[in-house]
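Working notes, structure below.
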Amino acid sequence: MTETKQKSLYNGTVNITFYPNSHRYKLEGEETYLVSVTSATGMIDKSRFLIPWAVGLAGTHLWEFLEKVNGPYTKEQLYPVIEEALQQHTIKKEEAADIGSMVHAYAETFAEAMLSGVEAPKLPEDADDKVYAGIQAFLDWYTAHHVKFHATERFIYSKNHGFVGMFDVLATVDGKKILIDYKTSKGVYNEMRYQLSAYRLAYEEETGEKLDGTAILHFDKETGECTMHEYTDADYEADAPVFLACLAIKKRDKELTNNYYKKS
């Protein structure tokens, strides 16, 4: 049986079905899946960041071998080293994912506990020192900025533009009510800002409430370090049209793809 979650928005007049396994959404009464915020920003080419990083890892691995082992080299020596070099980007991603993801998971559980008025979650057992450092950085952020959580994993849908999504937290931070999304990554990238602008656009459309801003709470996937990147009204006004352009591209691309398969 396919797992689903139901969510009502716009005072119960809009009902969304969320499919967690595929991370897709459907509007009640509709057969096709809605375009999500992340699928729209997924139209942006991210390879300009990933390719140099992957090439650099491969090069470092090869240089380390050359510095340790004196030549001349046989094919039998070089082939496995080259194969290892080509896999370094996957190895690094897998090694780093756990640190940031564990800090991210703790932050989500902590916010839910604060909303429910229950005891804060215990620290994970046998975690890496970097995980503990990241969690402590998150807790320091929570205390230093007088954070009060209002909602977690909040669904959004825009009637005007026809997109759907879910952001992590709505909170008051230093007296300002802002929408926050947690990000576990090596850095903070442009498309993350465009996602935030989409969440704010849909939230304000549904509620009629004007927020004071948005923020990314970034958990470095290699160190677990927690850093807040805050965005103003001016940032929102500049970023929202970019998201809508991505949305238009995604919708047209989806339409053309569907037409192609209908003809095939």
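2 is the number of the first residue of the sequence shown in my numbering; add one for each residue after it.
Quick reminder that beta carbons are idealized off the backbone N, C-alpha and C, glycines included.
Separation of residue j from residue i, as counted between CA atoms
| i | j | result |
| --- | --- | --- |
| GLY13 | ALA59 | 53 Å |
| PRO73 | LEU140 | 54 Å |
| GLU96 | ASP46 | Here the model assigns GLU96 a pLDDT of 49, short of 50, so the residue's position is not dependable, and the following value carries that caveat. C-alpha separation (whole angstroms): 24 Å. |
| GLU1 | THR173 | Here the chain has residues from 2 to 265 only, and residue 1 is not among them. |
| SER186 | MET167 | 18 Å |
| PRO122 | GLU206 | 34 Å |
| ASP234 | VAL170 | 18 Å |
| LYS211 | LYS177 | 11 Å |
| MET115 | LEU218 | 17 Å |
| ASN259 | SER117 | 44 Å |
| MET103 | ARG155 | 21 Å |
| GLU4 | ARG25 | 11 Å |
| VAL15 | HIS162 | 14 Å |
| ASP213 | VAL148 | 14 Å |
| PHE220 | LYS27 | 30 Å |
| PHE66 | LEU79 | 9 Å |
Beta-carbon gap between residue i and residue j smaller than 8 Å
| i | j | result |
| --- | --- | --- |
| VAL36 | LYS251 | yes |
| VAL189 | HIS230 | yes |
| LEU202 | ALA241 | yes |
| CYS247 | MET44 | yes |
| TYR34 | GLU109 | no |
| ASP129 | ILE100 | yes |
| PHE244 | ALA216 | no |
| ALA1 | LEU63 | The question about residue 1 has no answer, for the chain in this structure spans 2 to 265. |
| ASP175 | HIS146 | yes |
| THR153 | GLU113 | yes |
| ILE157 | TYR204 | yes |
| GLU275 | THR18 | Because residue 275 is not part of the residues shown, which for the chain are 2 to 265, the question remains open. |
| LYS6 | PRO21 | yes |
| PRO125 | TYR107 | yes |
For residue i: DSSP bridge partner residues
| i | result |
| --- | --- |
| LYS27 | THR18 and TYR34 |
| PHE220 | THR185 and CYS227 |
| GLN7 | THR18 |
| GLY101 | According to DSSP, GLY101 bridges with nothing at all. |
| THR215 | LEU180 and TYR232 |
Contact test: residue i Cβ vs the ligand ATP heavy atom, cutoff 7 Å
| i | result |
| --- | --- |
| GLU126 | Absence of the ligand ATP from the depicted structure is noted, as is the absence of any ligand whatsoever, leaving it without description. |
Exercise for the section: Would you mind listing the beta strand (DSSP E) stretches within the region 106-191 that are 3+ residues and don't spill past its ends, in chain order? Expected result: 149-159, 164-174 and 177-186
Handout entry: Validate contact between the region 127-142 and the region 236-254 using beta carbons, cut 8 Å, 3 pairs
Key = no
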